[in-house]
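Everything on this sheet refers to the single structure shown next.
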Amino acid sequence: MVKFQDAQLDRTFSALADPTRRALLARLEQEDGLSVSELAKPFPVSLPAIMKHLDVLSDAGLVTRTKQGRTVSCRLNAEPMEAAMGWLQHYQRFWTARLDALEALLEARRREKD
0 MVKFQDAQLD RTFSALADPT RRALLARLEQ EDGLSVSELA KPFPVSLPAI MKHLDVLSDA
60 GLVTRTKQGR TVSCRLNAEP MEAAMGWLQH YQRFWTARLD ALEALLEARR REKD
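Just so we're aligned: the sequence shown equals residues 0 to 113 in numbering that gives the first Met the number 0.
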């Protein structure tokens, strides 16, 4: 069953709404376990701005951070995206069924004309 009122789902979609946060997740997908400094390197924003983005991603459960000495490493946790995918798939099935019905209707009308 698809949940329509789910705080975790809201946090996931909110976190994924920002292109910088999506880019951070993409980097972690390619190279897991990066330090915050390494993760921030290619972005044209300040380190404090990256830290704020990581706070949002952590709050959504999409990133876990571990500290060893003075180094904070980040890892991707894609598990919250599974619920988001389930929500999206519900609507994909809905639209696929609607479009299939439209196609069938158009095909039937085309046959009537022939």
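Idealized CB from N, CA, C, for every residue including glycine.
Per DSSP, the beta bridge partners of Lys-66 are Val-71.
For Ser-45, no alpha helix (DSSP H) segment is defined, and its DSSP state is neither H nor E.
At a cut-off of 4 residues, the continuous stretches assigned as alpha helix (DSSP H) that sit fully inside the region 7–60 are 18–29, 35–39 and 46–58. Two segments are said to touch when three or more pairs of C-beta atoms, one from each, lie closer than 8 Å; by this definition the region 81–97 does not touch the region 37–44.
Each residue's CA atom was taken as its position, placing Thr-63 and Val-55 some 11 Å apart.
The DSSP-derived three-state label of Asp-5 is coil.
For Asp-113, no alpha helix (DSSP H) encloses it, and the DSSP letter there is neither H nor E.
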